[in-house]
Structure formats: C-alpha cells, structure tokens
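Residue numbers (this note's numbering): 1 to 73. No residue lacks a Cβ here, since even glycine has one placed at the ideal position from N, Cα and C. Notes follow once the structure below has been shown.
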Amino acid sequence: METKEKEQVLELIISYEKKALEKEWKEGVERRLRKDGNKKNATSRKKCLPKDMDIQAIHELTELSLEEIEKLR
C-alpha cells in the first residue's frame, strides 16, 4: 500500500473513532442530565466537559452557548 493510501486510511480510522467518542460522550452527558433531573445543573455539565474537546463540538453536542461553555471550563 502506498504511503498516501496509508495516510488516508489512518485519517478515516481517526475520523470514525472521533465520531464514536463524541457520540459516547453525548450519550453520557444526556444520561447524567437525566439522572440529575435538571438540565440547568452547571455542576453536572462541567463534569461532562472533556478538557481537550473543541468548544464548537461541545456547543453542537450540548446546545450550550459558547459563553456558557467558557464559564464552565
């Protein structure tokens, strides 16, 4: 397999893994929020925020405003 093909395969694998992790993370957030019974509970949301995840991705997954996300970090 050519080097370029290997790189493309690796990028595809990484992309799928990232999507799977984001899906698992979102489901975990939803479970935690249901368990707490309060979607406005900032403490729970803060615990759910991965430190290295892109703020835009967190915004899309949680529907929190960018300002709320920054405050929670």
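- In the three-state reduction of the DSSP assignment, S65 falls in the coil class, being assigned neither a helical nor a strand state.
- One Cα belongs to L66, the other to Q56, and the distance between them is close to 7 Å.
- Residue nearest to L21 within the set E63, M1 and D54 is D54 (criterion: CA-CA distance).
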